[in-house]
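> Can you read through this structure? Questions will come right after.
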Amino acid sequence: AIITDRARRGPDHAFLAIHSSDGISTTHLIMERIAQQRSDQEIYVSRWLITEIARACGVLCK
1 AIITDRARRG
11 PDHAFLAIHS
21 SDGISTTHLI
31 MERIAQQRSD
41 QEIYVSRWLI
51 TEIARACGVL
61 CK
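If you're matching positions, the sequence shown starts at 1 in UniProt numbering and goes up one per residue.
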């Protein structure tokens with residue numbers, strides 16, 4: 001859920017599936033909510049997505 005007024009339980013997740021000529025690859029990110037703001041999580045997930053997409057394209061990331 002992007003926004004909810006209910007107490008949320010457990011970790012937050014992000015999923016990514018990439019389809020290429022080699023097939024389909026999937027990956028899963030689990031984030032604990034300890035002292036994390038939503039905006040911090042969005043930045044973290046965005047960087048993770050860019051890194052994973054670059055890796056799938058054969059681009060090395062630091």
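Think of the CB as a built atom: it goes at the ideal place given N, C-alpha and C, for glycine as much as any other residue. Note that the structure is a prediction, hence the values are computed from the model and not measured.
#1: What residue range is occupied by the uninterrupted alpha helix (DSSP H) comprising S25?
#2: Please say whether L29 and A17 have beta carbons closer to each other than 9 Å?
#3: Which residue comes first and which comes last in the alpha helix (DSSP H) that contains V56?
#4: Output the distance between the C-alpha atoms of A56 and T27, rounded to the nearest integer angstrom.
#5: Checking 9 Å against the spacing of the C-beta atoms, do E42 and P11 come in under that value?
Here's the rundown:
#1: Counting from 1 along the sequence shown, the entry for residue 25 is found at position 25. Looking at the DSSP string, S25 is not in any alpha helix (DSSP H); the run it does join, the beta strand (DSSP E), is G23 to M31.
#2: Indexing the sequence shown from 1 puts residue 17 at position 17. Indexing the sequence shown from 1 puts residue 29 at position 29. No. Outside cutoff.
#3: For the purposes of this step, residue 56 is identified with residue 56 of the sequence shown, where counting begins at 1. The amino acid occupying residue 56 in the given sequence is Ala; Val does not appear at that position. Per DSSP, A56 belongs to the alpha helix (DSSP H) from R38 to A56.
#4: Sequence index remark: in the sequence shown, residue 56 carries index 56 (1-based). Sequence index remark: in the sequence shown, residue 27 carries index 27 (1-based). Approximately 11 Å between the Cα atoms of the pair.
#5: As a first step, residue 42 must be located in the sequence shown, where it is residue number 42. As a first step, residue 11 must be located in the sequence shown, where it is residue number 11. Cβ distance not < 9 Å, so E42 and P11 don't count as in contact.
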